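Line by line, the protein sequences give chains A and B. In terms of the numbering used here, the first sequence is residues 2 to 505. In terms of the numbering used here, the second sequence is residues 105 to 388. Only one structure is covered here, and it is reproduced in the block below.
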Amino acid sequence: MAGEPKRGSTTGGRSDKPAGRHAPMTNTRMFLTMLFGAIFRRRGRASMAVVASMVGAATLFCLAAVCLEVPRQMNQEMRAYGANLVVTPIQQPGQSRQGIDPAMVSHTTEMVTAKASAKHATYRYESVRVNAGSHMMAGIDADQVHQLNHHWNVDGQWPKDGSVMVGRDLADSLGLKPGRRITISYRASDNAEGATGTEGVSGAGRTGGGQSTQEGSTGRSNHVHGSATMSDDAGRPGQLHHAGNPSGQSGSQTQPVVLTARPAQADASSPAGPTMGSAPVDGSIAQDAQEKGMELRVGGIVDTGGSEDQIIYSSMHDIEALTGFKRGSDVIEYSVNTMGPNLTAIARSINDMTSMGVKAQTVTRITSGDTHTIAMLQTLFWLVSIVVLVLTFVGVGTTMASIVSQRRSEIGLRKALGATSGSIGAEFYAESAFYGLLGGLIGTVLGYIFARLLCTSVFQRSLGFNWWLALASVLLSTIISVVASIRPVRRASRIDPALVLREE
Amino acid sequence: MEDHETVQEEKSGAMLLDLDHVSKIYGDLHALDDLNLSIPQGQWLAVVGSSGSGKTTLMNILGCMDTPSSGSVRLEGRTLEDLNPSQLADVRKNVIGLVFQKFYLVPHLTAIENVMVAQYYHSVVDEEQAMQALDRVGLADRARHLPSQLSGGEQQRVCVARALINDPKLILADEPTGNLDETNEKIVLDLFRQLHDQGTSLIVVTHDALVASCAQREIMLNHGVLVGEQWNDEDARRAYEEAGGRPAFSGSAGKEAQSGDVPVGFQDPTKAAKTGDGNRMEWQ
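Dropping the structure here:
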């Protein structure tokens, strides 16, 4: 019957075509026209559905933005303050201090980056003398350390060959300014095992940070913000006490510490041949440095507010020239792009490889207050989210139920005209999806504005617009709208045309 | 009527509708009581009776919107009680055009969109054809108006345009002129006459003697019981009987029931019997 040619088109009336038609009307367009009519020509309760979706989307987006973004930012900021994973060599008692050789640095770095992206920097510490006073000197790769410690405030230049960077406190006590020159001498005895010549720098200097290690840490927490990383029991200062060559200032090329073999291979007390492929650097310079000292330019002053302020930073080349020998690093610091259990797992995987001869420890810079804030925010987020979801669901569902009952006659009419339950359902689902979409869009924008205000006023943070979160918010509110209208729409599609058209 | 006869004779051969002992019972109320009625293709039948006489119940059953409590309805050879709701919907959109007393337009769609809704559910939307249908009822210039911007008569004409847009074989009209003034009543009746001339079957439920008298045949219901039948067109009657058509009858035990083979005549209801309250149904 449906396929029969239409007779009406050939009968009666004018047959001239109506003028001014643009796009031809198709069934899809008709569907959209009906949807448009129902939404925009009716208004009234339709706006309630939009408002319900909007409030839901706004609250959820605002909460999600704040509760996800703020902890993320905090994590990011913490990582900007330096390392969250520290690797140190395992020092056997009585063994000399030879550090972590470059191959092991690469190996360890591979193990870390296999799990998460990471930046790293290596440090070699030596005790040196400036004007007869004993101080800590660190040989670094300036670029690496700079990458890792964005919070370091450097007045002048980072260290490079022939130029050092001096900690603020030390510079003040020595009266150093950028551009001045400093004479540094090296005595092997200062770095011998048991030597305590580092006087405070070694003990307190590197441990003063406001952090605690997570593994077996005793939790130093003097809250010096942005201090250098330090692990509790294997920290760099400790290492200074291990170096074991009693040969003292015998001068010459005895290579007291470093040139002895790896821990497992050699007795520290017996000088052995160079290992690690390193060789004594120019003997005359080293000898000179140890006797008269080496004059270096002060390129910059570093101010971190932490133990770094006590240290002289030089390039690896300079420290090798000063000490007269090459050796591995005392510490590798990693800034790993992960936190919590994942970070612990990385540390454990390194520690499980005992043959590597290194020890990894996680370092957290979060104060317990921060952790509490994050936990509280996340709990709050889930609680409020569930409540808001339920409320939105009920709001949209009730509104759709009211719209359906308001339009019973129309639904009956459509059915009398041959609409199936499916087509009635499709129209109402599309309508409620539209309400959800519209409410979701408006709500997301409002939610972002609220979240921004909240971040600025409460957390003193800026908040970027997270497009993924926005997309998720709009989609979620659309889906909730559709799901919430399942019951009312089912009722609508069951409406009996006879009941509606019966004379009342 | 004379000019319809030729068409009528050709069409009356096949029965479009057959009601066989059809009853609709709500609790103790027999809204329709054992009605037997045959309607050939192309016939114009008027169903008259006072309020509560079962006219609307009959209308709902004929329009595939309700099923009888007992008895059988055959439309175009198909037994309606055997069909599921989806098949009934198919029959509705393909065979039947509906015109209601209370206009029943979708309030948030314009006149032409209301006409196109019927096309949409039937097959394919054709705006041009919809415009022609509106033009046919004299509303081409009001095509873009919402129902609330149209008068009662105009709304009813939109309903007629919508009913005829899919070229149904049967148009069911429930008090189509109940809420109209004489001018609009005349327009609507003229439209019906045109449709009838084209061979469309019409069943018009009415209180109005004038409207009823336009039909070829009239039956009267009272409390759900068929109480009379009369023909306004003897040629049509003859053709009907030649085709094997029998007078309507009721198996009801009611004493008024027309139960024999001889139609019982009745007085046409007068205009005063109209009970339509003239109010358009508001859709809040």
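Where is the CB? At the ideal position from N, CA and C, for every residue including glycine. Values in this document were obtained by computation on a predicted structure and should not be read as measured data.
Is the distance from the Cβ of Pro498/A to the Cβ of Gly413/A below 8 angstroms?
Here Pro498/A is near Gly413/A, since their CB atoms are less than 8 angstroms apart.
Member of Leu390/A, Leu149/A, Ser128/A and Ala322/A whose CA lies at the smallest distance from the CA of Gly57/A
Looking at Leu390/A, Leu149/A, Ser128/A and Ala322/A, the one whose alpha-carbon comes closest to that of Gly57/A is Leu390/A.
Does the structure place the stretch 181-193 of chain A close enough to the stretch 298-311 of chain A that three or more beta carbon pairs sit under 8 angstroms?
Yes, the stretch 298-311 of chain A touches the stretch 181-193 of chain A.
Go ahead and pull the three-state DSSP assignment for Gln259/B.
Gln259/B sits in a helix when the DSSP states are folded into three classes.
Contact criterion: CB-CB distance below 8 angstroms. Does Glu428/A meet it with respect to chain B?
The beta-carbon of Glu428/A is placed no less than 8 angstroms from the nearest beta-carbon of chain B.
Backbone CA spacing between Asp337/B and Ala431/A [nearest angstrom]:
About 51 angstroms.
Within 8 angstroms of any Cβ in chain B, is that where the Cβ of Val420/A sits?
What sits at residue 420/A in the sequence shown is Ala, not Val. So, interface residue.
Exposed or buried, which one is Phe429/A when buried takes at least 16 other CB atoms within 10 Å?
A buried status is given to Phe429/A, since no fewer than 16 other beta-carbon atoms sit within 10 Å of its beta-carbon.
Between the beta-carbon of Val359/A and the beta-carbon of Ile141/A, is there less than 8 angstroms?
Remark: C-beta atoms of Val359/A and Ile141/A do not approach each other more closely than 8 angstroms.
Taking buried to mean at least 16 other C-beta atoms within 10 Å of its own C-beta, is Asp137/B buried or exposed?
By the neighbour-count rule (16 or more Cβ atoms within 10 Å), Asp137/B is buried.
Under the three-state DSSP convention, the category Gln223/B falls into
Per DSSP, reduced to three states, the secondary structure at Gln223/B is helical.
Leu384/A, buried or exposed, once every other Cβ within 10 Å from all chains shown has been counted against 16
By the neighbour-count rule (16 or more Cβ atoms within 10 Å), Leu384/A is not buried but exposed.
Check whether chain B comes within 8 angstroms of Leu33/A, counting only Cβ atoms and requiring the distance to be less than that.
With its beta carbon at least 8 angstroms from every one in chain B, Leu33/A lies outside the interface.
For Pro103/A versus Ser315/A, is the C-beta distance shorter than 8 angstroms?
In terms of Cβ geometry, Pro103/A and Ser315/A do not form a close pair [threshold 8 angstroms].
Listed by chain order, chain A residues near Met169/B by CB distance under 7 angstroms
Residues of chain A passing the Cβ test: Ala417, Pro498, Ala499 and Leu502.
Contacts of Pro25/A in chain B (Cβ-Cβ under 8 angstroms)
Near Pro25/A (Cβ distances below 8 angstroms), the residues of chain B are Glu231.
What residues from chain A crowd round His300/B, counting only those whose CB sits closer than 7 angstroms?
Within chain A, no residue comes near His300/B; the closest Cβ sits about 12 angstroms away, beyond 7 angstroms.
Measuring only the C-alpha atoms, how far is Pro489/A from Thr393/A?
Pro489/A and Thr393/A: Cα-Cα distance of roughly 15 angstroms.
For chain B, check one thing: does any of its Cβ atoms lie closer than 8 angstroms to the Cβ of Arg491/A?
Closer than 8 angstroms: no.
Using three-state DSSP, classify Leu120/B as helix, strand or coil.
Strand.
Separation of Tyr224/B from Leu33/A, as counted between CA atoms
Leu33/A and Tyr224/B have their C-alpha atoms spaced approximately 12 angstroms apart.
Range covered by the beta strand (DSSP E) that runs through Trp468/A:
Taken as a continuous stretch (DSSP letters only), Trp468/A belongs to no beta strand (DSSP E), being part of the alpha helix (DSSP H) at Trp468 to Ala485.
Report the rounded CA-to-CA distance for Ile302/A versus Val167/A, giving the unit in angstroms.
The C-alpha of Ile302/A lies about 5 angstroms from the C-alpha of Val167/A.
DSSP has Lys161/A in a bridge; who is on the other side?
Per the DSSP secondary-structure output, Lys161/A pairs in a beta bridge with Ser164/A.
Please list, in chain order, all residues of the same chain as Leu299/B whose beta carbon is under 8 angstroms from its beta carbon, the five residues on each side excluded.
Within the same chain, Leu299/B has close Cβ partners Leu268, Ile275 and Leu306.
Start and end of the alpha helix (DSSP H) containing Ile275/B?
DSSP places Ile275/B outside any alpha helix (DSSP H); the residue lies instead in the beta strand (DSSP E), whose first and last residues are Leu274 to Asp278.
Measure how close the beta-carbons of Gly440/A and Met55/A come, nearest whole angstrom, since I'm counting them as under 8 angstroms.
Contact flag correct, Cβ pair sits at about 4 angstroms.
How about Ser48/A: is its C-beta nearer than 8 angstroms to some C-beta of chain B?
No, its Cβ sits nowhere closer than 8 angstroms to a Cβ of chain B.
Chain-ordered chain A contacts of Glu217/B [CB-CB under 8 angstroms]
Neighbours of Glu217/B across chain A, judged by C-beta separation under 8 angstroms: Met31, Thr34, Met35 and Gly38.
In chain order, which beta strand (DSSP E) runs of at least 3 residues are fully inside the stretch 168-230 of chain B?
As far as the stretch 168-230 of chain B is concerned, its whole beta strand (DSSP E) runs of at least 3 residues are 174-179 and 200-203.
Chain B beta carbons: is any one of them nearer than 8 angstroms to that of Arg22/A?
Because the pLDDT at Arg22/A is just 46, under 50, the model does not fix this residue reliably, and the value given afterwards should be weighed accordingly. So yes, Arg22/A belongs to the interface.
Using a Cβ-Cβ distance under 8 angstroms, would Leu414/A count as near chain B?
Interface with chain B (8 angstroms Cβ-Cβ cutoff): Leu414/A is included.
Measuring CB to CB, does Leu120/B end up less than 8 angstroms from Lys273/B?
The criterion of a C-beta distance shorter than 8 angstroms is satisfied by Leu120/B and Lys273/B.
So what does DSSP say about Asn246/A, is it helix, strand or coil?
With a pLDDT of only 35 at Asn246/A, under 50, the local geometry of the prediction cannot be trusted, and the value read off the model is given with reservation. Coil at Asn246/A, not helix or strand.
If you follow the beta strand (DSSP E) that Val87/A is part of, which residue opens it and which one closes it?
Element bounds for Val87/A: Leu86 to Pro90.
So, under 8 angstroms CB-CB, Met401/A and Ala50/A are touching, yes? Tell me the CB distance rounded to an integer number of Å.
A Cβ-Cβ distance of about 6 angstroms is found for the pair Met401/A and Ala50/A, placing them in contact under the 8 angstroms criterion.
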